[in-house]
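To start, the structure itself, in structure tokens.
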Amino acid sequence: MGCAGSTPVDHEAEARNAAIEKTLAQDRENQRREIKLLFLGAGESGKSTIMKQFSLAYGKPFTDQERLDFRDVIYDNSLRSMQVVVDAFDMLGIDVPPALNADIELVMSFGDEPELAAQTGELLPDVARALSALWDFDGAKEAVDMAHEFQLNDSAPYYFNNIARLASPGYIPSDQDILRSRVKSTGISEVSLNVHGTTYRMCDVGGQRSERKKWVHCFSDVEVLLFVLAISEYNQMLYEDESVSRIAEATTLWQSISNSKWFANASTILFLNKIDLFRQKLELYRLSDYVPEYTGSNSYEATTLWLSQHFSSLYENKRRALILHLTCATDTTQIRTVLAAVQEQILANNLLNAGMM
Numbered sequence: 092m093g094c095a096g097s098t099p100v101d102h103e104a105e106a107r108n109a110a111i112e113k114t115l116a117q118d119r120e121n122q123r124r125e126i127k128l129l130f131l132g133a134g135e136s137g138k139s140t141i142m143k144q145f146s147l148a149y150g151k152p153f154t155d156q157e158r159l160d161f162r163d164v165i166y167d168n169s170l171r172s173m174q175v176v177v178d179a180f181d182m183l184g185i186d187v188p189p190a191l192n193a194d195i196e197l198v199m200s201f202g203d204e205p206e207l208a209a210q211t212g213e214l215l216p217d218v219a220r221a222l223s224a225l226w227d228f229d230g231a232k233e234a235v236d237m238a239h240e241f242q243l244n245d246s247a248p249y250y251f252n253n254i255a256r257l258a259s260p261g262y263i264p265s266d267q268d269i270l271r272s273r274v275k276s277t278g279i280s281e282v283s284l285n286v287h288g289t290t291y292r293m294c295d296v297g298g299q300r301s302e303r304k305k306w307v308h309c310f311s312d313v314e315v316l317l318f319v320l321a322i323s324e325y326n327q328m329l330y331e332d333e334s335v336s337r338i339a340e341a342t343t344l345w346q347s348i349s350n351s352k353w354f355a356n357a358s359t360i361l362f363l364n365k366i367d368l369f370r371q372k373l374e375l376y377r378l379s380d381y382v383p384e385y386t387g388s389n390s391y392e393a394t395t396l397w398l399s400q401h402f403s404s405l406y407e408n409k410r411r412a413l414i415l416h417l418t419c420a421t422d423t424t425q426i427r428t429v430l431a432a433v434q435e436q437i438l439a440n441n442l443l444n445a446g447m448m
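What follows is the structure in structure tokens.
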């Protein structure tokens, strides 16, 4: 019995097809896989803001209820910031006109858990009026210009300039209002996002000294370390220890974390953050007066170049190239461009790990 109609089997072609199918399957598997990003940095570096921006950029906008919930945070930030400014008047030698005494008394009368919203949710009118009156006082603006002498949230001028809007009937916080809000990070916060078939599990841990002992619990299986360092704080002292400069603390922390054995195989990204505030400060305070190692000009270009080179030089991991960006965490357009570049780099690194590049 013959088999004249049969075709010889092409074993080489089958092998090639099998290899292609295996590669495609591996590619699909890599696209589906989860990538763990760990956000680290000293307190008030802006890492929580960047994490919020990541969520906004990739499909998790704030819900209506979340926006309403943030009203109390924004009201509290505004009041607390003005209390700090008022407390600084004596230290800075700023004389306050008697006409503001009643406003100061009202603002300073609120304790740890103030009820600042009316039943309808708006900021109490008397509080809004007092905050506006105090911000109209030139001495308050003078104090804010000298905020490196005390501990004031970066968002204070933004909220002070927008008090009328924040207190308006039916106020709903904008993305920018929420991004600038300050809630001290404690414990571990996680957000998961699916971007083009890849799940990003982002972990944010409190940056204050008291919170850092919790960091080690997040170190396992980290594929991307994203360290945020606020270069605008070069003339400020630590909240926890006013004998230590913030940039010195951040430098020590960066050197320790970036060269830790835990992250030897992780992609490392450094955000030199708050460049908008840094640029403003350079007009008033020379970098070299606070960072003696720097001896160049006080231009934005020269100082940011030196800082980029300085922090890059502290990174000793020869296995992985450092990815560095100058960022303004509250600038949505700029940060989305940066995050898109970061995402491409993360995917490229993971393809490299999988042997596909």
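Residues in the sequence shown are numbered from 92 upward in steps of one, following the working numbering.
All C-beta atoms in this analysis are idealised placements derived from N, C-alpha and C, irrespective of residue type, glycine included.
Fair warning: this is a prediction, and the values are worked out from it, not measured in the lab.
Straight across, the Cα-Cα distance linking W353 with A221 is about 51 Å. Contact annotation: the region 140-147 does not touch the region 213-220, with fewer than three C-beta pairs closer than 8 Å. The three-state reading of DSSP puts Y249 in helix, counting H, G and I together.
One alpha carbon belongs to S246, the other to D186, and they sit about 24 Å apart. When DSSP states are grouped into helix, strand and coil, N350 belongs to the coil group.
Residue pairing of C294 in beta bridges, as defined by DSSP: L129, E281.
In this structure, I360 sits near L317, with a CB-CB distance shorter than 7 Å.
Proximity to S349 across L129, I165, G137, I254 peaks at L129, based on C-alpha coordinates. Rounded to the nearest whole angstrom, the CA to CA distance from Q174 to E374 is 27 Å. One Cα belongs to V274, the other to F153, and the distance between them is close to 16 Å. Annotation: the continuous beta strand (DSSP E) that includes N364 extends over 358-364. Under the 10 Å beta carbon count, I263 is surrounded by fewer than 16 other beta carbons and is classified as exposed.
Under the DSSP assignment, F180 falls in the alpha helix (DSSP H) whose first and last residues are 155-183. DSSP assignment within the region 355-415 yields the following whole beta strand (DSSP E) runs of 3 residues or more, N-terminal first: 358-364. DSSP places L225 within a helical segment (H, G or I) once states are collapsed to three. For the set K409, T421, Q436, T424, the Cα lying nearest the Cα of L415 is the one of Q436. With contact defined as three or more Cβ pairs closer than 8 Å, the region 323-340 and the region 154-167 are not in contact.
When T421, Q400, L413 are compared, the shortest CA-CA separation from V433 is found for L413. Within its own chain, no residue has a Cβ closer than 6 Å to the Cβ of L438 once the five positions on either side in sequence are excluded. Beta-bridge pairing by DSSP links M142 to no other residue. Counting only the Cα atoms, K127 lies some 11 Å from T289. Within 10 angstroms of the beta-carbon of Q327 lie 16 or more other beta-carbons, which makes it buried.
For T289, the pairing in a beta bridge is given by DSSP as V286. Taking C-beta atoms as the reference points, M142 and D266 fail to come closer than 7 Å.
Under the three-state reduction of DSSP output, L316 falls in the strand class.
Boundaries of the alpha helix (DSSP H) harbouring Q267: 266-270, taken from the DSSP string.
By the 16-neighbour rule on beta-carbons within 10 angstroms, I111 is exposed. The beta-carbon separation of S136 and N364, rounded to 6 Å, stays under the 8 Å limit for a contact. In terms of Cα proximity to S280, the closest of R271, H287, V286, M293 is M293. Between R370 and Y385, the C-beta gap is not smaller than 7 Å, which leaves the two residues out of contact. Counting along the chain, A193 sits inside the alpha helix (DSSP H) bounded by residues 192-199. Listed as beta-bridge partners of L417 by DSSP are L363. L257: member of the alpha helix (DSSP H) spanning 254-257, first to last residue.
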